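So for the sequence shown, numbering that gives the first Met the number 0 puts the first residue at 0; every next one is plus one. Backbone N, C-alpha and C define an ideal beta-carbon position, used for all residues, glycine too. Because the structure is a prediction, the values reported are computed rather than measured.
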Amino acid sequence: MNKETKLRIHNITAKAALKFGSEARVLTKRKEQRLEAAQMKFLRHLLGITELDKEKNPCIREKMGAQNIVKEIKQYQEKWLKHVQKMDTNRIPKQGLQYKPKGQRNVG
């Protein structure tokens, strides 16, 4: 199987699964690391590279022509935010974005 076909499989399956529901997900450093690790595991498997080969992540992404999944998710979140901001105020995503809770939380 050639590199282009493998990259298409990556984009259709793995990347779609990693990006699912990411418009509302808060990306902590730990989640970013796990997303990147999952992407790199998939790319290494497609290229037949093991971790013992000591290939750096940027080199592997360059060989496959893939972008960092965390950067893609952040771009997707910015795009989604702009889309929600353009919505009418009666739409649920817009209401959720503008929601300000009143009062105080309970102790504990």
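Proximity of residue i and residue j at Cβ, strictly below 7 Å
i	j	result
residue 68	residue 42	no
residue 22	residue 79	yes
residue 17	residue 34	yes
residue 99	residue 83	no
Nearest neighbour of residue i, chosen from the options [CA to CA]
i	options	result
residue 6	21, 38 and 89	38
residue 25	72, 85, 51 and 12	72
residue 9	84, 85, 20 and 40	40
residue 1	28, 77 and 62	62
Residue i - DSSP class collapsed to helix/strand/coil
i	result
residue 52	helix
residue 4	helix
residue 75	helix
residue 19	coil
residue 40	helix
residue 101	coil
residue 86	coil
Contact test: residue i Cβ vs the ligand SAH heavy atom, cutoff 6 Å
i	result
residue 56	This structure lacks the ligand SAH, and indeed carries no ligand of any kind.
Exposure of residue i, with buried meaning 16 or more beta-carbon neighbours within 10 Å
i	result
residue 14	buried
residue 36	exposed
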